[in-house]
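Residues -21 to -1, 1 to 489, numbered by mature numbering (1 follows the signal peptide of the UniProt record, and there is no 0), are exactly what the sequence shown covers, in order.
Data block below; observations after.
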Amino acid sequence: MRHFKFLLASVGVAATLHSSAQDLNEAYNLSNMTPQGTARSIGFGSALGSIGGDFSSISVNPAGLGVYRTSELSFTPSLKINFASSDFQGVTRNDNNTRANINNFGVVFTEAPKGRRYDRRAWKAVSFAIGVNRVADFNHDYNYKGNNSTSSASLAFEADANAYPNYITPGTLAYTGVNSGVISLSTLNYYTAVPFAGGISQSNVIQERGGINEYAIALGGNYKEKLLLGATIGIPSMTYIRNSDYTETVLPTNSYNPAHFQTFTYNNQLNISGLGVNLKLGAIYKATDFIRIGAAFHTPTLYSISEVTDYGISSVVNNYQYAVSTANDLPQKRFDYSFATPLKAVLSASIILKKLGFVTADYEYVNYGTMKYYYPAGFDENTGISYKTEADQMNQAIKNNYQSASNIRVGAEIKITKYFMVRGGAGYYGNPYKTGTAMERLDISAGLGFRTKNFFADFGVVNSMYKFSEQAYSKVNYDYVASASTHALPPVATVKNTVNNVALTVGVKF
């Protein structure tokens, strides 16, 4: 995993230009699980911790199953509409995409005695639930473009070649750079062909796909109409695909171009899939007929992950076209490892307004600095460094860059008539990063509901706003760079996102 030393890319083993911050973002994606849920829960801000009576509650506080008095089957299709605006080197660019999803599908079986049996039994209701909730969605398109005269991504190829001149083998950045004409040997050192000091255009087009669907089995009950208890075994199934096309092109105004470089595009496709397991425990206490207090604890999710990287480069130098890729010249890279997300604690409170509706709030605590990678036994064939050492370096980077975050969700439901209700809510998700661009997220939601004795339909929409920053390429080890007199950092793109998630739930009670 030679690139780790120079590029700090630690999740995979492929020669890659993406930055260490991007790898840290991948860790965050695995850990930032927020149920997309039913349209009902979306409508009141997903503040489910002490409300219950909704299938989504098994992924927040499974004690919510104790609210059920009848069995039900529910299904929630949704539509995610994403708008992204990037700022890179003073240039603004926009992108958007729309994707359809299934937020949840599940069934709750409830046994609730009536009459004298109800009076005699301490457990007033017991429910068993099985189904799937979508707890994360990675579908996202964005791009950025700007000019630069202080650095080039090609310096990473140069540094790798100069550091290991005798080991320019397939799968390394050096091999990719040499065989694409992006770098070449001159006397004792390798040099980049990219005349970045005279001005180049840099752009990146990114497409992300995938999400996390959590398959869940849950059990909950109602003890003497005072204490509700529940537990969920969650089995999250994760897929994440990231395709990026990074391009550098010489500007027409660039007068110094001895290698007659014209352009290169580096394509990187990362495919991550994994299966995990976790446990959620919860309780809801009915302090009075009007007040409920809830608490839930989520263990870390332990994932078993497989990562496959395909990559390649195409270039034009002195009117000659080069192409190097895993499709013909380079080895495809696969790496299997384990990853643990942070534990999560949820505290909740609700005011129940009888036939009028309710007001509810959740507080959630997550320490992202406790995320942890576990690499397999053995040693890196390129560097001789043990995988354990590389995992320790990545875990230290997590501790250095991540912090604990507080998430707050509030919501309300008001019954307009016996059958119709309106909902509203908001959520604030705290910044997980210690430094850099703050990544808080703000959610505003609304919804409508229709319910009869045996049927219900809900509509919900949530608008989410957040931003993040990423380096266009990895920081270079200038100790092995001969082409640059200054040690410039890679340029940073800031991306602002507005996401609208529209959901419709239909269900039957039986």
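We put the CB at the ideal spot given by N, CA and C, even for glycine.
Around the Cβ of residue 160, a 10 Å sphere holds 16 or more other Cβ atoms; the residue is buried. Exclusion of the five residues before and after residue 186 leaves 120 and 222 as the residues of its chain whose Cβ lies within less than 7 angstroms of its Cβ. Pairing residue 440 with residue 482 gives a Cβ-Cβ distance under 9 angstroms.
By the Cβ criterion, the region 394 to 410 is in contact with the region 424 to 439, since at least three pairs of Cβ atoms, one from each stretch, lie closer than 8 angstroms. The DSSP-derived three-state label of residue 6 is helix. For the set 338, 323 and 321, the Cα lying nearest the Cα of residue 329 is the one of 338. With a cutoff of 9 angstroms on beta-carbon distance, residue 43 and residue 156 are scored as not near each other. Residue 414 and residue 46 have their C-alpha atoms spaced approximately 42 angstroms apart.
Counted as a single uninterrupted DSSP element, the beta strand (DSSP E) harbouring residue 316 occupies residues 312 to 319. At a Cβ-Cβ threshold of 9 angstroms, residue 220 and residue 249 count as neighbours.
Between the C-alpha atoms of residue 256 and residue 214 there is a straight-line separation of about 5 angstroms.
Following the DSSP letters along the chain, one finds residue 158 inside the alpha helix (DSSP H) bounded by residues 152 to 158. Spanning the alpha carbons of residue 72 and residue 66 requires a straight line of approximately 7 angstroms. Across the set 25, 182, 15 and 389, the C-alpha of 182 shows the shortest separation from the C-alpha of residue 449. Non-local beta-carbon contacts of residue 266 in its own chain, meaning distances under 8 angstroms to residues more than five positions away in sequence, involve 272 in chain order. Under the three-state reduction of DSSP output, residue 347 falls in the helix class.
Apart from the 5 residues on each side of it in sequence, residue 379 sits with its Cβ closer than 8 angstroms to the Cβ of 413 in its chain, given in chain order.
For residue 103, DSSP assigns no beta-bridge partner whatsoever. The beta carbons of residue 210 and residue 258 sit about 7 angstroms from each other, so the pair counts as a contact at 8 angstroms. Listed in chain order, the non-local C-beta contacts of residue 41 below 6 angstroms within the same chain comprise 197, 199, 209, 210, 211, 259 and 261, local neighbours out to five positions each way being set aside. Of the residues 268, 285 and 264, the one whose Cα lies closest to the Cα of residue 251 is 285.
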